[in-house]
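Before any comments, here is the structure.
Residue numbers (this note's numbering): 72 to 181.
Here it is as structure tokens:
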């Protein structure tokens with residue numbers, strides 16, 4: 072099992088990767104610095120998807136797809152429900168044509 076990095080470190084790495092690849096990154100909700108779960112709202116090519124921090128097989132850390140090609144309102148509704156359950160979460164918005172390979176962590180589509 073892999074040790075989890077602090078949330079603020081992970082968000083910083085996401086911001087740096089986005090900037091390096093010409094994408095925009097905005098923190099929509101600042102969560103707990105050490106342990107807040109991170110959710111990505113990814114706007115790319117006119118579509119919106121939501122990814123949530125997750126563990127993969129063998130304990131690897133990464134991102135699990137929660138919703139693909141949804142409306143902005145649907146993404147907001149989903150995250151509002153999450154905020155009621157977990158007030159310490161982070162919401163980070165990515166906007167731009169950035170490859171998943173440029174971001175830290177694995178991506179689990181299932």
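Here a beta-carbon is modelled for each residue, glycine too, at the ideal position from N, C-alpha and C.
Problem - Through-space distance from residue 123 to residue 175, alpha-carbon basis - result: 13 Å
Practice task
Please classify residue 87: is it buried, with 16 or more other beta-carbons within 10 angstroms of its beta-carbon, or exposed?
Solution key: exposed
Exercise for the section: Could you check the C-alpha separation between residue 171 and residue 152 for me, to the nearest Å? Expected result: 26 Å
Exercise for the section: Using 10 angstroms around the beta-carbon of residue 160, count the other beta-carbons present and answer buried if the total reaches 16, otherwise exposed. Expected result: buried
Practice task
Pair every Cβ in the region 140-154 with every Cβ in the region 109-126, then say whether three or more of these pairs are closer than 8 Å.
Solution key: yes
Handout entry: Inter-residue CB distance, residue 133 and residue 179 (contact presumed, cutoff 8 Å)
Key = 6 Å
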